[in-house]
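Chemist: Sharing a structure below in structure tokens format, with a few things to ask.
Protein chains in written order, with this note's numbering: chain L, 936 to 1047; chain Z, 333 to 929.
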């Protein structure tokens, strides 16, 4: 099993969700987060003065997929979250030791 | 000495080393007792004064003397309202009793005698007409009563609009602050309303309008006749009408009191914006009381209550004396000067300035509140300016309304275009709001005296002034004013009061402040008027600077003005008020405060 964490632009969330559903992803977790990368924040203006907002608002989605479903899911995110501009975000993939469904106590891929 | 708490330390040791909280408690108990004493003492004193003219009761030594008729003390006031407003209010039929004949020894006896003879002739003719046609006399009396009623209704209703401006101020100021200080900023804007009101009732109105004469447009009797005078008849301060007792229990006086009270509250709420986000609530309360009782009424008396600024025209021939129709100087410049000194002395918010002195912007938390507040203020201003005629039958009210509207439009447009196209940044929303307010502040003094084109020009200039002065205050003077109160009310209040002396076109204000002719600015041939305006503005700035510094220092000694840095970083809502403005919302308080580099 793999865990995919993707940080995307907030306004791409709907597209990413649709694309993931189409490739068979059953569920996902979304959090509103802030952070910075190479973009190093953005500029805003208030009463004639410019200032830098260091931490840019982003959305983080977390999904868990089986090893075989990884490729399709990653490609779906890549396709739907991309605008081609700076600040499109990143995808992190990691190995997952185990998953448990609380209601039934199922383990492993059955619980995903 | 004061800032370093040295004054407090010496006081503490003099009083035997009691701790600060205990001493404060005692100070407040004593202040409370003194206030209660006033409430009891002053009405008693005033009533005794009014009854003084009552003839002495016959003594036992002369029982055979005829008993004089039981005589009630002669009070001229009208608590019932039934007698207020009679035929004398109708200026069309000049029937006022001319009073006693002039003294032949007077130096300008000839002129006075001529005036007296004219009045006497009209009065005698009217009396004869009364005898000949009693119905006409009754109709004239009813017409006079109606005019008084219409004027009073106008004064009260426009006063209600002005009262609603408190909501506008609360929204603008709170919207421009940070989310962690919402409860505290709102509380200040709320509490100033009852606090200033009570202060004005206790003695503020007496100081300001004690010697005003009569509320003539509402047909009031001349009961406001207590004035402290120095030298050659220069009026300094009113001294009658504390707690509205005695002869001030009169309906025309009450209407005037209400209208002036809401104006005072407008001034009172201006500095709460400039010192917001770091002002101790207890310190603010003391300021609020000081403003309503003493700070505001003194200069108010000089310009509006018949004091020396308004006498400059009649006594020295400088135009019509300081002319301020609705309060560019009395309300806004005074508020702006207090805002300036309080913001300067309390110091900038943490993180506002870097070590090299460059400012960091601290963005507003709710621009929508700021915009809605500005609209509420613009609505209230239609009471503020035209209402200041105190007369619904004064048809010049239409000019006041149109001028107020035009100046607000050009002010908003000018501020927007100036910051956008000339200063080259984005057309800032909060600055648009400041621009509209600036236009209305500037047109407040000249609104009834200028033409529509002059109003546009006054508003246009005010829009540029507000943007530039925000930059000067923030970047050159290094004063942190979160809402722009110094620029909107101070700088444009000054511009407004001077603009009367420039643009007044001589179509209104006959015999204003007892000076002959109409009010004319320097562009229409009366340089003396501009001189009067400049003297009035200078008096306002000098007097209010001294008063602000004294009040600030006294409050600093009693309770301290600024919250601790920990409280400021946490946000004043919970430490000062006990509850947050936005319950249930997660706030990133650290990121709300910029870090000084």
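Every residue gets a Cβ at the ideal spot worked out from N, C-alpha and C, and that includes glycine.
1) Using a Cβ-Cβ cutoff of less than 8 Å, which residues in the same chain neighbour residue 986/L once the five nearest sequence positions on both sides are dropped?
2) Give a yes or no on whether the minimum CB-CB distance between residue 974/L and chain Z is below 8 Å.
3) Are the C-beta of residue 982/L and some C-beta of chain Z separated by less than 8 Å?
4) Identify which residue in 625/Z, 476/Z, 845/Z, 487/Z has its Cα closest to the Cα of residue 645/Z.
5) Using the beta-carbon count (16 or more within 10 Å), is residue 441/Z buried or exposed?
6) Which complete beta strand (DSSP E) runs does the segment 936 to 996 of chain L hold, if anything under 3 residues is left out?
7) When Cβ atoms are compared, which residues of the segment 620 to 631 of chain Z fall closer than 8 Å to chain L?
8) Consider the Cβ of residue 751/Z: report whether some Cβ of chain L lies at a distance smaller than 8 Å.
9) Three-state secondary structure (DSSP) at residue 647/Z?
10) Counting Cβ pairs, one atom from each stretch, are 3 or more of them under 8 Å apart for the segment 478 to 495 of chain Z and the segment 705 to 717 of chain Z?
11) Figure out for me which residue from 863/Z, 582/Z, 413/Z, 611/Z has the closest Cα to the Cα of residue 516/Z.
12) Is the beta carbon of residue 909/Z closer than 8 Å to that of residue 616/Z?
13) So residue 504/Z contacts chain L; which residues on that side make the cut at Cβ distance below 7 Å?
14) Among residues of its own chain, excluding the 5 on either side of residue 708/Z, which ones have a beta-carbon nearer than 6 Å to its beta-carbon?
15) When the Cα atoms are used, what is the spatial distance from residue 408/Z to residue 763/Z?
16) Please decide whether residue 763/Z counts as near chain L, where near means a Cβ-Cβ distance under 8 Å.
17) Could you say which of 1022/L, 1008/L, 1044/L, 992/L lies nearest to residue 1031/L if we only look at CA atoms?
18) Alpha carbon to alpha carbon, how far is residue 798/Z from residue 938/L?
19) So what does DSSP say about residue 377/Z, is it helix, strand or coil?
20) Determine the chain L residues that contact residue 691/Z at a beta-carbon separation under 8 Å, and present them in chain order.
21) Helix, strand or coil: how does DSSP classify residue 912/Z here?
22) Return the CA-CA distance between residue 791/Z and residue 486/Z, expressed in angstroms with no decimal places.
23) Could you tell me whether the segment 633 to 645 of chain Z touches the segment 696 to 706 of chain Z, where touching means 3 or more Cβ pairs closer than 8 Å?
24) Alpha carbon to alpha carbon, how far is residue 897/Z from residue 336/Z? Give it in angstroms, no decimals.
25) Identify which residue in 420/Z, 770/Z, 577/Z, 929/Z has its Cα closest to the Cα of residue 826/Z.
26) From the DSSP output, read off the bridge partner residues of residue 1000/L.
27) Within the chosen definition, does the segment 1011 to 1024 of chain L reach the segment 947 to 954 of chain L through at least 3 CB pairs nearer than 8 Å?
28) In chain L, which residues lie less than 7 Å from residue 758/Z when you measure between Cβ atoms?
29) Among 351/Z, 927/Z, 410/Z, whose alpha-carbon lies nearest the alpha-carbon of residue 685/Z?
30) Pairing CB atoms from the segment 591 to 604 of chain Z with CB atoms from the segment 834 to 849 of chain Z, are three or more of them under 8 Å?
31) Bridge partners for residue 545/Z per DSSP, in chain order?
32) Would you tell me roughly how many angstroms separate the C-alpha atoms of residue 853/Z and residue 366/Z, rounded to the nearest one?
33) Can you confirm whether residue 928/Z, when its beta carbon is compared against all beta carbons of chain L, has any partner nearer than 8 Å?
34) Suppose the cutoff is 8 Å on Cβ atoms and the five residues either side in sequence are ignored; what does the same chain contact list for residue 680/Z look like?
35) Check the Cβ of residue 802/Z against every Cβ in chain L and list those closer than 9 Å, keeping chain order.
36) So what's residue 827/Z in DSSP terms, helix, strand or just coil?
Modeler: Based on what the coordinates show:
1) By one-based count along the first chain, residue 986/L stands at place 51. Around residue 986/L: 978, 979, 980.
2) For this step, residue 974/L is matched to residue 39 along the first chain. Not closer than 8 Å to any Cβ of chain Z, the Cβ of residue 974/L fails to qualify, so no.
3) As a working mapping, residue 982/L is identified with position 47 in the first chain. Output row for residue 982/L: interface = yes.
4) On the second chain, residue 645/Z is found 313 positions in, with the first residue counted as 1. Cα-wise, what sits closest to residue 645/Z is 845/Z.
5) Taking the second chain and counting its residues from 1, one reaches residue 441/Z at position 109. Residue 441/Z is exposed by the Cβ-count criterion.
6) 937 to 943, 964 to 970, 977 to 981, 984 to 988
7) none
8) Taking the second chain and counting its residues from 1, one reaches residue 751/Z at position 419. Output row for residue 751/Z: interface = yes.
9) Indexing the second chain from 1 puts residue 647/Z at position 315. It is helical.
10) yes
11) On the second chain, position 184 is the one that residue 516/Z refers to. The shortest Cα separation from residue 516/Z among 863/Z, 582/Z, 413/Z, 611/Z belongs to 611/Z.
12) Counted from its first residue, the second chain places residue 616/Z at position 284. Counted from its first residue, the second chain places residue 909/Z at position 577. No. Outside cutoff.
13) Along the second chain, read from residue 1 onward, the residue named residue 504/Z stands at position 172. Those do not exist, as residue 504/Z stays about 14 Å from chain L at its closest Cβ, beyond 7 Å.
14) Here residue 708/Z corresponds to residue number 376 of the second chain, with the count starting at 1. 499, 500.
15) The count along the second chain starts at 1 and reaches residue 408/Z at position 76. The count along the second chain starts at 1 and reaches residue 763/Z at position 431. Taking the straight line joining both Cα atoms gives about 51 Å.
16) Taking the first residue of the second chain as position 1, residue 763/Z is located at position 431. Yes, its Cβ sits closer than 8 Å to a Cβ of chain L.
17) Position 96 of the first chain, counted from the first residue, corresponds to residue 1031/L. Considering only alpha carbons, the answer is 1044/L.
18) For the purposes of this step, residue 798/Z is taken as residue 466 along the second chain, with counting starting at 1. For the purposes of this step, residue 938/L is taken as residue 3 along the first chain, with counting starting at 1. Those two C-alpha atoms are separated by around 56 Å.
19) Your numbering for residue 377/Z matches position 45 in the second chain. In the structure shown, residue 377/Z sits in a helix (DSSP, three-state: H, G or I).
20) In the second chain, the residue the question calls residue 691/Z occupies position 359. In chain order: 984.
21) Translated into the one-based positions of the second chain, residue 912/Z becomes position 580. Coil at residue 912/Z, not helix or strand.
22) Position 459 of the second chain holds residue 791/Z. Position 154 of the second chain holds residue 486/Z. For residue 791/Z and residue 486/Z, the distance between alpha carbons rounds to 26 Å.
23) no
24) Your numbering for residue 336/Z matches position 4 in the second chain. Your numbering for residue 897/Z matches position 565 in the second chain. Low per-residue confidence applies at residue 336/Z: pLDDT is 48, beneath 50, and the placement is therefore not dependable enough to give any value.
25) Against the second chain, residue 826/Z aligns to sequence position 494. Nearest option by C-alpha distance: 770/Z.
26) Translated into the one-based positions of the first chain, residue 1000/L becomes position 65. Residue 1000/L pairs with 937/L.
27) yes
28) In the second chain, residue 758/Z corresponds to position 426, counting from 1. Here the neighbours are 980.
29) By 1-based counting over the second chain, the position of residue 685/Z is 353. Among 351/Z, 927/Z, 410/Z, the Cα nearest to that of residue 685/Z belongs to 927/Z.
30) no
31) Taking the second chain and counting its residues from 1, one reaches residue 545/Z at position 213. Paired residues: 556/Z.
32) Start at 1 with the first residue of the second chain, and residue 853/Z comes out as number 521. Start at 1 with the first residue of the second chain, and residue 366/Z comes out as number 34. C-alpha separation (whole angstroms): 48 Å.
33) For the purposes of this step, residue 928/Z is taken as residue 596 along the second chain, with counting starting at 1. It does not: the Cβ of residue 928/Z has no partner Cβ on chain L nearer than 8 Å.
34) One-based indexing of the second chain puts residue 680/Z at position 348. The residues are 810, 811, 812.
35) In the second chain, the residue the question calls residue 802/Z occupies position 470. What residue 802/Z touches in chain L: 982, 983.
36) Residue numbering aside, residue 827/Z sits at position 495 when the second chain is read from its first letter. In this structure, residue 827/Z counts as helix in the three-state DSSP scheme.
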